[in-house]
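Under the numbering used here, the residues of the sequence shown are numbered 110 to 622, in order.
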Amino acid sequence: MPRLPDALTVPARGGWLPTGLAIALVLLLIAAFWPTFYSMAEVWERSETFAHGYLIFPISAWLIWRMRDELTGLQPQPDLRGLLVLAAAGLGWLLADAGSVNVAAQAAFIAMLVAAVWTLLGWQVFRALLFPLMFLFFAVPVGEFLIQPLMGVTADFTVAMLRATGIPVYREGTFFSIPSGDWSVVEGCSGLRYLIASITLGVLYAYLTFRSWRRRLLFVVAAVIVPIFANSGRAYMIVMIAHLSDMKLALGVDHYIYGWVFFGFVMLLLFWVGSFWREDERPQSDAPPRGMAAGDVPARAFWRTGVAVLVVASLWPAYALWLSARALPAMAQLQVEPHGGWQSAGAFTQWTPHWVGADRQLRQSFVQADHPVLLELNYYATQRQGAELINSQNFMIRQKDPAWSNIGETVAGVTIGGQPRQVRQAKLRGSNGQRLLVWQWNLIDQRHVVNDQIAKLVLAADRVLLKRDDGLSVLIATPYEDGEMDAAVTILARFAADMDAPIGRALDQVDGR
């Protein structure tokens, strides 16, 4: 009797089963981590800076499609090493989710998609698909941490160029004045959207245009540097157009038109220059030659690997769901008793910091020897979305606030009670002429923490390990006169030292655990 063909093996060339399973796995992982995927899409929708995210997945799919002839010469074969990477990425996602760090959770999610493809299709196929898979990371809306540094670079360059061209400038932080008017470098002037667009396009252009990694790397470096200088030049150009037109041009819609036209011209120039070194041959894969393909692989191996990928991947959202379902602990009210000669006093400023989602809040003014200090405490019983000690929506003032301007914010080293300590220090200027010096830090398990990344990591780890993950934001402020900063520093240092123990007791008393 003739032997029937084995239906449970995958042909060594062009098997449809592993490809179909890989696509199905990607779709299932998107469904399992839908809140994370949707959080990316929400940013693409509301932010022009990251609107290109809609194109990343289709571009990656197109890059894979154009390699189809090359891929048919490779033998898919499950590789359990990818499962270890999948587990590590899942743990990273869990920590990021516990700390409500969306960007980190999104990056970990993309890493899980990449690891799933590696696990199911094997190392040879993974190497061949390395760039299309890595390109998926451009879907993650990351880069907002660069806004403040880029604003500083833009302000530095613009002010330096104005002075170089003989125009007198008075500057405070990112605000500056010239004889024809007042200017400020705000978030929209940072050039982040230009930089993100340039890097994304530059990486894709380098991959498609050049074959040597040296040329690709040089072009990507140029795609990073050029938009930074171009944006600074754009800002200077807009100020000069307004100045020379007696503040009639470059102040409305044309302000943005000039910016995008200038950026478009710079990018075209960059790509045009890059075209002189193009290598027309199709980019070659790092995949091994066809002769290295393995023999037939049992179909059950792919099914088992697919199931293993789903099991490992599903552990993390299941645990995260259980964590989020836990009830909040019982909480008392925040109360801080005056200490060290400080007395309760009436409000002396209308400024209100913007801290969101706190479970308990205290705002109280104190005075000693006619020196007023504002104390604001924001307590978070446990870290969850919308109620986090460290949140991008927690800041001193809003951008374009009509009443207040932040003229300088940094992490400063100070001395409190004879001990060196770091605080987040801001100088605020009100439209009513009042100036405030503000210090802010966090208390996590009675430890002073200023670094946001460290605070997020500690709180996320505590939450995942079922430890106490509450935290307290401490903010103090006092008025100061221009040129009398040292006196304000002394007042805040004395207040922080005198009230350190009462604030610590308030943190212990508010939590009932």
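Idealized CB from N, CA, C, for every residue including glycine.
DSSP, read as helix, strand or coil, puts residue 176 in coil. If you draw a 10 Å sphere on the C-beta of residue 532, you find 16 or more other C-beta atoms in it, and that means buried. Distance from the Cα of residue 207 is smallest, within the candidate group 552, 514 and 497, for 497.
Boundaries of the beta strand (DSSP E) around residue 584: 580-588. Residue 228 is a Cβ neighbour of residue 187, given a cutoff of 8 Å. In terms of CA proximity to residue 145, 218 leads the group 161, 218 and 175.
Annotation for residue 265: the continuous alpha helix (DSSP H) segment containing it runs 256-273.
Just so you know, the alpha carbons of residue 426 and residue 417 end up roughly 16 Å apart. For residue 281, same chain residues with a beta-carbon under 7 Å away, outside a window of 5 residues either side, are 516 in chain order. Collapsing the DSSP output to three states places residue 440 in a strand.
With fewer than three CB-CB distances shorter than 8 Å, the stretch 421-437 does not count as touching the stretch 246-265. Taking residue 549 as the centre and dropping the five residues before and after it, the same chain places the C-beta of 533 and 584 closer than 6 Å to its C-beta, in chain order.
For residue 544, the enclosing beta strand (DSSP E) starts and ends at 544-553. Looking at 343, 269, 293 and 379, the one whose alpha-carbon comes closest to that of residue 308 is 379. The beta carbon of residue 620 sits closer than 7 Å to those of 438, 440, 490 and 579, all from its chain and outside the five residues before and after it, given in chain order. Listed in chain order, the alpha helix (DSSP H) elements of length 4 or more contained wholly in the stretch 454-516 amount to none.
Put simply, the stretch 294-311 touches the stretch 153-169. At least three CB pairs are less than 8 Å apart. The alpha carbon of residue 245 has as its nearest neighbour, out of 173, 268, 196 and 283, the alpha carbon of 173.
Here the alpha carbon of residue 597 sits roughly 11 Å from the alpha carbon of residue 604.
Cβ contact annotation for residue 520 (same chain, cutoff 7 Å, sequence separation greater than five): 531, 533 and 559, in chain order. Below 8 Å, too few C-beta pairs join the stretch 564-573 and the stretch 599-618 to call them touching: fewer than three. Residues 279 of the same chain have their beta carbon placed closer than 6 Å to that of residue 286, with the five preceding and five following residues left out of the count. With contacts defined by Cβ atoms closer than 8 Å, residue 213 and residue 205 form a contacting pair. For residue 565, the enclosing alpha helix (DSSP H) starts and ends at 561-573.
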